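Residue 163 in the working numbering sits at position 163 of the sequence shown, and the numbers go up by one each step. Where a beta carbon is used, it is the ideal one built from N, C-alpha and C, also for glycine. All values reported here derive from a predicted model rather than from experimental measurement. A short worksheet on the structure shown next.
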Amino acid sequence: MIKVSFSWENWAAIIEISDKLFELAAITYDSTQQHSANSKNGKRHIAYYFGYSSCMKGIAYQKLGDYSESRKCISRYADLSWIKELNEEGLAEVEYYKNIAVANTYVLDLLEGKTNVLSDYVEFILKSDKEELLAGLITVLESAIKYNYPIDWVLEEFKEQVEEIGSKEKREDVRYYIDYIYLQSIYLYKREKIVDAINLILDNLILSDNLEDGTGFRKTTAFYELVRPHASTSQLERHRRIMQNILEREFLKDEKNMLVINSRIVD
């Protein structure tokens, strides 16, 4: 439920569900009298549920711009060593959320305009797992857009890794990837690289449509409409073709659906 809410950017729902998950984890932990916290029957270690619920709640508050509440959430999962009887799996979860707390503190610092931590955050991303890459770059882009400073060197540093992610036909991080492209187009536009920005917007329209990411498609479409007056003749024509292809495809879908309905009625 949290992951679905995240894909729809329903931050209020994430906060509510995360609270329920944390409460359930606490009840489970207490009911075992702190002697059976280790994972059983394929479930994750109890430390995971404490960490995940607090982390996602913090991210939701971050997205809502409530950085004070987000920092309170970080303090909840920065140190989970209080959990008793930590086995190897549990210790790994404690260490994981400890590192995530460091990363998300950098995130809040950047979003509050403390650009002096940028180099440290980039170094952190370089040392982190690949799945943290896009989330990290999105933060850097958000900060650069908000406070209007150049990050070309950061984008160049991770260019090959991002292209590798983009070359995959199937990826679990669709939402992150499309948001990355969306924010990069805004960044380029603000840096007055208008042609590159609009080309990237058009690329993202196709990508978000192909990957059926409605949220990304709506945001990209809205941004294109704002910058349309600056589009060249060829870019306007490309946008027209993209929209025409989408409409033709949807028309064929509707036609097939009508044929199925009519066939059932006749039967």
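DSSP assignment within the region 50-132 yields no whole beta strand (DSSP E) run of 3 residues or more. Residue 158 sits in coil when the DSSP states are folded into three classes, being neither helix nor strand. Nearest Cα to residue 72 within the set 61, 82, 80, 81: 61. Counted as a single uninterrupted DSSP element, the alpha helix (DSSP H) harbouring residue 197 occupies residues 194-210.
Each residue's CA atom was taken as its position, placing residue 148 and residue 218 some 24 Å apart. Assigned with DSSP and collapsed to three states, residue 32 falls in coil, not helix or strand. Restricting attention to 176, 201, 233, the CA atom closest to the CA of residue 188 is found in 201. Per the C-alpha coordinates, the member of 251, 44, 134 positioned closest to residue 92 is 44. In this structure, DSSP gives residue 243 a helical state, which the three-state scheme calls helix. Per DSSP, residue 231 lies in no alpha helix (DSSP H) and is assigned neither H nor E.
Ranking 121, 7, 198 by CA distance to the CA of residue 237 puts 198 first. Exposed is the label assigned to residue 251, since fewer than 16 other Cβ atoms lie within 10 Å of its Cβ.
In this structure, the beta-carbon distance from residue 204 to residue 182 falls below 8 Å. Taking a 10 Å sphere around the C-beta of residue 11, we find 16 or more other C-beta atoms and assign the residue as buried. Residue environment for residue 220: buried (at least 16 other C-beta atoms within 10 angstroms of its C-beta).
Boundaries for residue 191: no alpha helix (DSSP H) harbours it, and the DSSP string shows neither H nor E there.
Cβ contact annotation for residue 81 (same chain, cutoff 7 Å, sequence separation greater than five): 94, in chain order.
Taking residue 209 as reference, the option from 68, 184, 195, 245 with the minimal CA-CA separation is 245. In this structure residue 112 is not in contact with residue 77, their Cβ atoms being roughly 20 Å apart against a cut-off of 8 Å. In this structure, residue 134 keeps its C-beta atom at 8 Å or more from the C-beta atom of residue 97. By the Cβ neighbour-count rule, residue 24 is exposed, with fewer than 16 other Cβ atoms within 10 Å of its own.
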